[in-house]
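Inspection log for the structure reproduced underneath, given as structure tokens.
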Amino acid sequence: MSKERIGILGGAFDPFHQGHLRMALSVLETGRLNRLYILPAGDDAYKPIVVGKEDRWKMVVTACTQDGRLIPSRMEMDRPSPAYTVDTLLALKKEHPRAELFFVIGTDAVMKLHRWHRAEEVFPLCTFLICPRAGEVLLEDFSAEKARLTALGARFIMIRMSPISISSTEIRESLALGAPTPNLFSPIREYCALKGLYGMPVREESAGEWIDKLFAALNPRRFAHSLSVAGTARRLARIHGVDPCQAEQAGLLHDCAKCLPLKEMKRIAIEHSLTNDPAILSSSALMHSLVGAWVARNEYGMADPEVLEAIAYHNTGHAGMSRLAMCVCLADSIEPTRESYPLLEQVRVLSELSLERALLMSLEGTAAFVRSRGKYLHPRTQETISWLKTLPEVRSPRK
2 MSKERIGILG GAFDPFHQGH LRMALSVLET GRLNRLYILP AGDDAYKPIV VGKEDRWKMV
62 VTACTQDGRL IPSRMEMDRP SPAYTVDTLL ALKKEHPRAE LFFVIGTDAV MKLHRWHRAE
122 EVFPLCTFLI CPRAGEVLLE DFSAEKARLT ALGARFIMIR MSPISISSTE IRESLALGAP
182 TPNLFSPIRE YCALKGLYGM PVREESAGEW IDKLFAALNP RRFAHSLSVA GTARRLARIH
242 GVDPCQAEQA GLLHDCAKCL PLKEMKRIAI EHSLTNDPAI LSSSALMHSL VGAWVARNEY
302 GMADPEVLEA IAYHNTGHAG MSRLAMCVCL ADSIEPTRES YPLLEQVRVL SELSLERALL
362 MSLEGTAAFV RSRGKYLHPR TQETISWLKT LPEVRSPRK
């Protein structure tokens, strides 16, 4: 039985960007790793930290949802200062005694390895995976030092990838200016915007408390999805003349009850007379929206009835729904982290032109998919489809 191959990638991740992701995926491929631990540094790391560890931790957890082999770890973040690599490796070796460990470094770090704390103990514990990094290290100096360290027992593997030109500093500057950040995972940009990080203005005073509660209540994928829906709903609202703040609030909270056990959802629904529909009461997929509106009002303090309506019907829609609710329902189905499904790209394009037509296409696609699988389609969805077809924007779309 082959040994498990485990990698370790540490850093400030202030914030974690797509350059970090590209490095991680290259390391996983070249190193033939089973998984890669992502270890954010504590607030007293070797270089200045802009954002505190808890925000960086939430962003790293969110970023790791992009690949199941990425495992966020608080090992170095929570260790009393100073956090040395040798201690991390020893802890992982104890936890995974049969695994081979691989530590990710840049070419510039090779020149400093001899100064690492207890370097002679580090070398036998791992193999170093070297990622090319643009800098001032001369090739002959690098090769000579690598050869010298190899003679001392260090092991190296060069990672096949071009040097990463993305920097966290540039990302932070773009966020402060409100400029586009194509190299930042969309849920992480929304996280920064809602919390007012890196010089961004705070958009929602309650967002910090909401995000902390959502992070505790949802699994990482659902948390990332909620952030992405919030950002997408805000963008759709701005395009179509809907209040963007309401849309963002509803998008952020729309799945706040999604990860509750079915038994707990049912208890809330019955005790508070949210529904007596047996089909809804037996399905968390259907019930989480109605229960979510109750949770948003009673546990998150959301008092806006229009926002609560958007949350309550984001999964099925309803005849006569507001355009705010349309934004959230549509954002839920087209946000950037959604796995591809038939008509997704067509719905995304149409969403820029017409809320009503895009939502109709999305719901019709959902209905067709559900029926093709022989599953139950709640009548409210079909009622919404029929209602949308009567609207002037659908019957006589603008040229």
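Counting from 1 along the sequence shown, just add 1 to a position and that's the residue number in this note's numbering. Note that the Cβ used here is the ideal one computed from N, Cα and C, for glycine as well.
- For residue 216, the enclosing alpha helix (DSSP H) covers residues 208–218.
- In the structure shown, residue 52 falls within a coil segment according to DSSP collapsed to helix, strand and coil.
- In this chain, the beta strand (DSSP E) harbouring residue 101 covers 101–107.
- When DSSP states are grouped into helix, strand and coil, residue 38 belongs to the strand group.
- Annotated three-state conformation of residue 63 is helix, per DSSP.
- In the pairwise beta carbon analysis, the region 244–260 is classified as touching the region 215–232: at least three pairs are separated by under 8 angstroms.
- With a beta-carbon spacing of about 11 angstroms, residue 369 and residue 386 fall beyond the 8 angstroms limit used to define contacts.
- For residue 298, the uninterrupted alpha helix (DSSP H) run begins and ends at 285–299, by DSSP.
- When the alpha-carbon of residue 172 is set against those of 18, 86, 378, the nearest one is in 18.
- Taking C-beta separations shorter than 6 angstroms and ignoring five residues to either side along the sequence, the partners of residue 175 in its chain run 182, following chain order.
- The secondary-structure analysis by DSSP pairs residue 8 across a beta bridge with 37, 103.
- For residue 279, the uninterrupted alpha helix (DSSP H) segment begins and ends at 279–282.
- Sequence-distant partners of residue 133 (beyond 5 residues in either direction) whose C-beta falls short of 6 angstroms from its own C-beta, in its chain, are 108, 164.
- Counting other Cβ atoms within 10 Å of its Cβ, residue 281 reaches 16 or more and is therefore classed as buried.
- Residue 264 and residue 301 have their alpha carbons spaced roughly 21 angstroms apart.
- With 16 or more other Cβ atoms from the protein chains shown falling within 10 Å of its own Cβ, residue 334 counts as buried.
- Taking 8 angstroms as the cut-off, the Cβ atoms of residue 360 and residue 331 count as close.
- Straight-line spacing of the CA atoms in residue 339 and residue 76 works out to 30 angstroms.
- When rounded, the separation of the alpha-carbon atoms in residue 120 and residue 90 is 12 angstroms.
- Between the region 32–42 and the region 5–17 there are three or more C-beta pairs closer than 8 angstroms, enough to call the two in contact.
- The C-beta separation of residue 243 from residue 156 comes to about 58 angstroms, leaving the pair out of contact by the 8 angstroms criterion.
- Across the set 24, 390, 380, 379, the C-alpha of 390 shows the shortest separation from the C-alpha of residue 362.
- Between the C-alpha atoms of residue 213 and residue 259 there is a straight-line separation of about 16 angstroms.
- In this structure, the beta-carbon distance from residue 364 to residue 328 does not fall below 8 angstroms.
- Runs of beta strand (DSSP E) with 3 or more residues, each lying fully within the region 136–202, are found at 157–159, listed in chain order.
- Partner residues in the beta bridge of residue 73, as assigned by DSSP, are 39.
- Distance from the CA of residue 194 to the CA of residue 235, rounded to the nearest whole angstrom, comes to 12 angstroms.
- Residue range 128–132 is occupied by the beta strand (DSSP E) that includes residue 128.
- In the three-state reduction of the DSSP assignment, residue 276 falls in the coil class, being assigned neither a helical nor a strand state.
- Its chain contains 34, 35, 36, 37, 38, 93, 97, 100, 101, 102, 103 as the residues whose beta carbon lies nearer than 8 angstroms to that of residue 7, once the 5 sequence neighbours on both sides are disregarded; these appear in chain order.
- Cβ-Cβ distances below 8 angstroms link residue 23 to 162, 165 in the same chain, with the five nearest sequence neighbours on each side left out; the list follows chain order.
- The three-state reading of DSSP puts residue 248 in helix, counting H, G and I together.
- Residue environment: residue 247 is assigned as buried (16 or more neighbouring CB atoms within 10 Å of its CB, all protein chains considered).
- Its chain contains 18, 19, 20, 167, 172 as the residues whose beta carbon lies nearer than 7 angstroms to that of residue 184, once the 5 sequence neighbours on both sides are disregarded; these appear in chain order.
- A residue is called buried when at least 16 other Cβ atoms come within 10 angstroms of its Cβ; residue 179 does not meet this threshold and is exposed.
- In this structure, DSSP gives residue 333 a helical state, which the three-state scheme calls helix.
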